[in-house]
Each structure stands twice: as structure tokens, then as C-alpha cells.
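A.B. asks:
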Amino acid sequence: MDKKAIISVVSKQKGNDDIIEVVTPGKYYKKGQKYYAVYEESELSGMEGTTTILKIGQDEFTIIRKGTIDAKMVFKNEFKDHILYSTPQGALGLSMDILDVKVDVNDDGGLVYANYNLNLGEGQSLSTEINVKIKAIS
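Residues in the sequence shown are numbered from 41 upward in steps of one, following my numbering.
Rendered as C-alpha cells:
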């Protein structure tokens, strides 16, 4: 199974009306027991030159970014992840407290959701939701 896909990523910070939405072509496939959605970031996302890989398991998913931005973020219920976010300007250490994760995918695509707090240091935290919709195209 190796399909083209339309991937929609919506990110919203609580307490802020700004919604970031990116709809992009990509590919979608299954390897072992995991599904993968892969797409190229654009200038709109601010990460042009970066490939994003969503590695999706039964109750968790991982976002892997390679290229201009390098990062790996693990999303699973009640999990704390430490991230090294590498950019051309330098590296930034962050942490995430994952509050809720929902995964509903199959061979045709599906939905991935996470609610988490992104901790920026010195007591600063951003409460964020991410919704990813994957539609496989035969």
C-alpha cells in the first residue's frame, strides 16, 4: 500500500483565535503495524525545505521533521516529551506535556488529534491542539 494523499494539518493555541491550517499533497503508506503520512513543508508553514513524517500507531503518533528544521515529537496519552528543535538559527530545547491523543486511521486515511502543553521554559507554556486529516487517493 503506497498511496498519494491530501493531508490537512490544523493547529490552534488555546486563548488565541489564530488558526494555522496547511493543506498539502503527500504520500500515505503502511509499514508493519504503523501508518506513515509524509509531506513537504512550504513557505506558508515557515518550514520550507523540511520534510514532515507522521508515524502513526494504534494510540500514539510521532512527528519527525528533517531538513531546514530537525525535530522529533512523540504524542501519547499522559506523556512528557523533551524535544531538541534544530533550526538554521540554532537549537532550542522544549518539552511537551501530552494531555490527550486520539488516533483513528485505516488504509484510506483518517484522523489524528493531540491536545498538549508546549513548555518554552521559565514558566511559559502554550496550550495547543493539533488535528491532522489524511485522505488517501487511490
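Even glycine gets a Cβ: it sits at the ideal position worked out from N, Cα and C. Just so it is clear, the structure is predicted and the values come from calculations on it, not from any experiment.
Can you tell me the Cα-Cα spacing of E61 and K52, whole angstroms?
C.D. replies: 9 Å
A.B. asks: Comparing C-alpha positions only, which one of Q73, D110, G97 sits nearest to V152?
C.D. replies: When only C-alpha atoms are compared, the closest one is G97.
A.B. asks: Taking three-plus beta-carbon pairs below 8 Å as touching, is the stretch 66 to 84 in contact with the stretch 112 to 128?
C.D. replies: Because the criterion of three Cβ pairs below 8 Å is not met, the stretch 66 to 84 and the stretch 112 to 128 do not touch.
A.B. asks: Going by beta carbon distance, what residues of the same chain come within less than 8 Å of G55, once the five residues before and after it are set aside?
C.D. replies: S167
A.B. asks: What residues in its chain sit with their C-beta under 8 Å from that of P65, if we drop five residues either side in the sequence?
C.D. replies: K44, A45, I46, I47, Y79
A.B. asks: Per DSSP, what kind of secondary structure is S167 in: helix, strand or coil?
C.D. replies: strand
A.B. asks: For K70, collect the residues of the same chain with a Cβ closer than 8 Å to its Cβ; drop the 5 residues on either side in sequence, then sort them by chain order.
C.D. replies: M41, Y76, D147
A.B. asks: To the nearest angstrom, how far is it from the Cα of I174 to the Cα of I59?
C.D. replies: 18 Å
A.B. asks: So for T127, helix, strand or coil by DSSP?
C.D. replies: Under the three-state reduction of DSSP, T127 is assigned to strand.
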